[in-house]
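Asks: Just so you know, the sequences run in chain order Y, P, U and H. To convert, count from 1 in the first sequence and add 1; that's the numbering used here. To convert, count from 1 in the second sequence and add 1; that's the numbering used here. To convert, count from 1 in the third sequence and add 16; that's the numbering used here. To convert, count from 1 in the fourth sequence and add 16; that's the numbering used here. For every residue, glycine included, the Cβ atom is placed at its ideal position computed from N, Cα and C. The structure under discussion is supplied below as structure tokens; questions concerning it will follow.
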Amino acid sequence: MAVRVQAEDFDTGCEIKALTAGNTDIGAIVTFTGTVRGQAGGASIASMVLEHYPGMTEAELASVEREALQRWPLDASLIVHRYGELLPGDNIVLVITASAHRAAAFHAAEFLMDYLKSRAPFWKKETSADGSGSWVDARDCDGGAAERWKR
Amino acid sequence: MAVRVQAEDFDTGCEIKALTAGNTDIGAIVTFTGTVRGQAGGASIASMVLEHYPGMTEAELASVEREALQRWPLDASLIVHRYGELLPGDNIVLVITASAHRAAAFHAAEFLMDYLKSRAPFWKKETSADGSGSWVDARDCDGGAAERWKR
Amino acid sequence: MPDDTPTTVKLLYFAWVREKIGMASEVVSLPATVKNVADTIGWLRTRGSGYEAAFSRPQVIRTAIDQLHVKDDALVTGAREIAFFPPVTGG
Amino acid sequence: MPDDTPTTVKLLYFAWVREKIGMASEVVSLPATVKNVADTIGWLRTRGSGYEAAFSRPQVIRTAIDQLHVKDDALVTGAREIAFFPPVTGG
């Protein structure tokens with residue numbers, strides 16, 4: 002059960018090993034890795050800057066993780082989110098969930114991503130190939146994706 | 002788009018890298034890793050043997066993968082399933098799905114696991130700590146999990 | 017082929033079906049009276065106590081013809097390979 | 017605290033709110049008439065063209081008080097830190 006906000010890259014394989022080493026109760030591990038796409042709405046992206054709200058980011062991610070732990074029987078979980086300048090293909094976010102139950106691991110990971118996208122204070126600014134920068138607009142469907150977990 | 006049936010272990014991190022290297026269209030990568038649990042119904046498991054039907058296994062996994070590709074916009078996918086003798090904590094199965102869309106990657110991975118568990122000709126025999134062996138019974142809920150994707 | 021030509025086919029057994037029968041595969045000539053999967057199972061049960069033990073609960077036996085899952089009423093005519101096994105437990 | 021004591025609070029701005037205002041944070045004394053988030057935004061808009069540009073569409077401004085998401089009618093009394101930002105786009 003951990004949350005990290007960092008400028009450094011992460012390695013999904015290493016994070017899985019660190020999270021699950023020595024635990025033979027698990028059975029099911031789901032990871033979600035989000036990466037920078039080279040295209041956005043037809044335009045080429047040269048780079049991206051992820052701004053965040055230090056302190057609140059960690060608090061929101063921890064809160065989202067606690068909510069997942071209350072809903073699903075997880076043996077382990079991890080959220081890693083990067084900030085700073087990123088290039089196409091770079092890692093942005095990693096979510097790992099581990100459980101004895103396959104469905105729990107899948108649903109908790111999907112929940113974590115949906116909630117994180119609607120709540121964690123990050124903002125993306127894309128720089129296109131011609132050097133112009135623009136803030137990414139929030140997509141309505143991200144709010145909707147989080148909405149369906151309401152209860 | 003690949004299927005592998007092998008005795009050897011796999012490394013989830015390496016498989017992600019190999020599958021997605023150089024592709025900056027992706028954005029979302031989901032992995033499911035299934036591992037051998039050290040307990041089954043309260044009894045300790047010393048080891049497990051996975052028997053399979055060579056030829057049919059590969060054909061069924063490829064068929065399940067084709068079905069997923071028809072349903073979701075995937076940029077890449079991989080199914081790796083091991084056979085032979087395995088110990089608690091060992092990897093059994095890996096599914097990776099990569100897409101521009103987070104929901105597609107999640108749902109396709111869950112579908113692949115549900116279908117694979119109901120269709121791929123593998124059988125698990127567990128050896129308990131006292132040396133007795135027993136074939137694992139199919140769980141009704143695995144059939145049900147596949148059933149909900151019917152259309 | 018004419019109805020009364022015996023079908024020569026490879027049978028494969030997996031998991032506890034294999035263990036109860038005591039072999040992994042065999043080649044047999046199916047009698048002309050054996051038309052579908054259920055007939056094949058009925059005929060196999062007459063071949064000895066191992067077969068009888070393996071197929072005593074036909075409802076838990078799954079079948080593949082030429083490596084495709086089939087139901088009990090699937091015709092075995094022209095089959096090259098028929099496999100019998102318990103419900104699968106991979107993943 | 018009595019109603020007419022001015023609230024001294026740290027304001028934080030992120031993303032294009034920060035860019036339009038031209039700074040990332042400042043410490044201000046809110047007038048006693050400013051009771052909630054909507055009042056705060058209304059008051060900020062009177063402070064110059066950068067603020068007016070940042071808050072010209074209040075419906076796309078999100079607010080956190082002491083690092084918790086709040087709605088426009090949340091009271092600012094006792095707040096140590098109020099942050100204004102566009103809808104989040106992480107993940």
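So T105 of chain H and F123 of chain Y are supposed to be a Cβ contact under 8 Å. How far apart are they, rounded?
Replies: The pair is a contact, with the Cβ atoms about 7 Å apart (cut-off 8 Å).
Asks: Count the other CB atoms, across all protein chains shown, that sit within 10 Å of the CB of G132 of chain P; report buried if there are 16 or more and exposed otherwise.
Replies: Per the 10 Å Cβ criterion, exposed.
Asks: Count the other CB atoms, across all protein chains shown, that sit within 10 Å of the CB of A44 of chain Y; report buried if there are 16 or more and exposed otherwise.
Replies: Exposed is the call here.
Asks: Identify the continuous alpha helix (DSSP H) that holds T56 of chain U and give its terminal residues.
Replies: Here the alpha helix (DSSP H) through T56 of chain U covers V53 to R61.
Asks: The alpha helix (DSSP H) that contains H108 of chain P, what's its start and end?
Replies: Where H108 of chain P is concerned, the enclosing alpha helix (DSSP H) stretches over R103 to R120.
Asks: Here's the rule I'm using: 16 or more other beta-carbon atoms within 10 Å means buried, otherwise exposed. How should D76 of chain Y be labelled?
Replies: Flag for D76 of chain Y reads buried.
Asks: Rounded to whole angstroms, what's the CA-CA distance from A3 of chain Y to Y116 of chain Y? Just pull it up for me.
Replies: Each residue's Cα considered, the two are about 16 Å apart.
Asks: Quick check for students: name the residue ranges of the alpha helix (DSSP H) that lie wholly in the segment 6-50 of chain Y, counting only runs of 4 or more.
Replies: DSSP runs (the alpha helix (DSSP H)) wholly in the segment 6-50 of chain Y: 13-21.
Asks: Mind checking whether F33 of chain P and R83 of chain P have CB atoms under 9 Å apart?
Replies: For F33 of chain P and R83 of chain P, no; Cβs fall outside 9 Å.
Asks: What residue from H:P74, H:R96, H:L91 and H:A90 has the CA that sits closest to D82 of chain H's CA?
Replies: Comparing Cα-Cα distances from D82 of chain H to each of H:P74, H:R96, H:L91 and H:A90, the minimum goes to H:R96.
Asks: Could you give the residue range of the alpha helix (DSSP H) that holds R34 of chain H?
Replies: First-last of the alpha helix (DSSP H) with R34 of chain H: A31 to I37.
Asks: If we define contact as Cβ-Cβ less than 9 Å, is M49 of chain P a contact residue for chain Y?
Replies: M49 of chain P does not count as touching chain Y.
Asks: Closest by CA to S176 of chain Y, which one among Y:N92, Y:E86, Y:T98 and Y:G42?
Replies: In the structure displayed, chain Y extends from 2 to 152; residue 176 of chain Y sits before or after that span and is not available.
Asks: Go ahead and pull the three-state DSSP assignment for L88 of chain Y.
Replies: Correct three-state label for L88 of chain Y: coil.
Asks: With a threshold of 9 Å between beta carbons, is M114 of chain Y in contact with chain P?
Replies: Interface residue, yes.
Asks: Between the Cα of K26 of chain U and those of U:V53, U:E35, U:W32 and U:S45, spot the shortest distance and give me the residue it belongs to.
Replies: Closest option to K26 of chain U, Cα to Cα, is U:S45.
Asks: Smallest Cα separation from V65 of chain Y: which of Y:Q7, Y:E52, Y:A101 and Y:A110?
Replies: It is Y:A110.
Asks: Starting from the C-beta of P74 of chain Y, find all residues in its chain whose C-beta is less than 8 Å away, skip the five residues before and the five after it, and write them out in chain order.
Replies: Taken in chain order, the residues that qualify are S100, A101, H102 and A105.
Asks: Give me the Cα-Cα distance between G35 of chain Y and L95 of chain Y, rounded to the nearest whole angstrom.
Replies: For G35 of chain Y and L95 of chain Y, the distance between alpha carbons rounds to 6 Å.
Asks: Compare the C-beta of P74 of chain P against all C-beta atoms of chain Y and say whether one is closer than 9 Å.
Replies: No, P74 of chain P does not count as interfacial toward chain Y.
Asks: Apart from the five residues just before and just after A69 of chain Y, which ones in its own chain have a Cβ nearer than 6 Å to its Cβ?
Replies: Answer for A69 of chain Y: A109, F112 and L113, listed in chain order.
Asks: Check the C-beta distance from I77 of chain H over to I57 of chain H and give it rounded, since I have them as a contact under 8 Å.
Replies: I77 of chain H to I57 of chain H, Cβ: 6 Å. Contact.
Asks: Please classify K154 of chain P as buried or exposed, where buried requires at least 16 neighbouring CB atoms within 10 angstroms.
Replies: Since the displayed chain P opens at 2 and closes at 152, residue 154 of chain P lies outside it and no answer follows.
Asks: Identify each residue in the segment 17-41 of chain Y for which the Cβ-Cβ distance to at least one residue of chain P is less than 9 Å, and report them in chain order.
Replies: The segment 17-41 of chain Y vs chain P, Cβ under 9 Å: I17, K18, T21, A22, G23, N24, T25, D26, I27, G28, A29, I30, V31, T32, F33, T34, G35, T36, V37, R38, G39 and Q40.
Asks: Helix or strand or just coil, what does DSSP make of A69 of chain H?
Replies: Of the three classes helix, strand and coil, the one that applies to A69 of chain H here is helix, per DSSP.
Asks: How about Q75 of chain U: is its C-beta nearer than 9 Å to some C-beta of chain P?
Replies: No, Q75 of chain U does not count as interfacial toward chain P.
Asks: Between the segment 96-110 of chain P and chain Y, which residues of the former have a C-beta closer than 8 Å to a C-beta of the latter?
Replies: Per Cβ criterion, the list reads A101, R103, A104, A106, F107 and A110.
Asks: Please check if any C-beta of chain P sits within less than 9 Å of the C-beta of L27 of chain U.
Replies: It does not: the Cβ of L27 of chain U has no partner Cβ on chain P nearer than 9 Å.
Asks: Can you give me the Cβ contacts of S129 of chain P inside the same chain, cut-off strictly under 7 Å, excluding the 5 residues immediately before and after it?
Replies: If we look at S129 of chain P and ignore the five residues flanking it on each side, its Cβ neighbours are A44, S45, I46 and A47.
Asks: I80 of chain Y: which of Y:G42, Y:Q71, Y:V50 and Y:I93 sits nearest, CA to CA?
Replies: Nearest option by C-alpha distance: Y:I93.
Asks: Just how far apart, CA to CA, sit Y29 of chain H and S41 of chain H?
Replies: Distance between the alpha carbons of Y29 of chain H and S41 of chain H is about 6 Å.
Asks: In this structure, how does DSSP classify R72 of chain Y when only helix, strand and coil are distinguished?
Replies: If DSSP states are grouped into helix, strand and coil, R72 of chain Y belongs with the helices.
Asks: With C-beta atoms as the reference, is V50 of chain P less than 9 Å away from P89 of chain P?
Replies: Against a cut-off of 9 Å, the Cβ pair of P89 of chain P and V50 of chain P comes out as no contact.
Asks: Suppose contacts are defined by Cβ-Cβ distances below 9 Å. Is G14 of chain P in contact with G14 of chain Y by that definition?
Replies: Yes, the Cβ-Cβ distance between G14 of chain P and G14 of chain Y is below 9 Å.
Asks: Any beta-carbon of chain Y closer than 9 Å to the one on V104 of chain H?
Replies: Yes, contact with chain Y.
Asks: Which chain P residues are close to D12 of chain Y, counting only those with a beta carbon under 8 Å from its beta carbon?
Replies: Correct list: G14.
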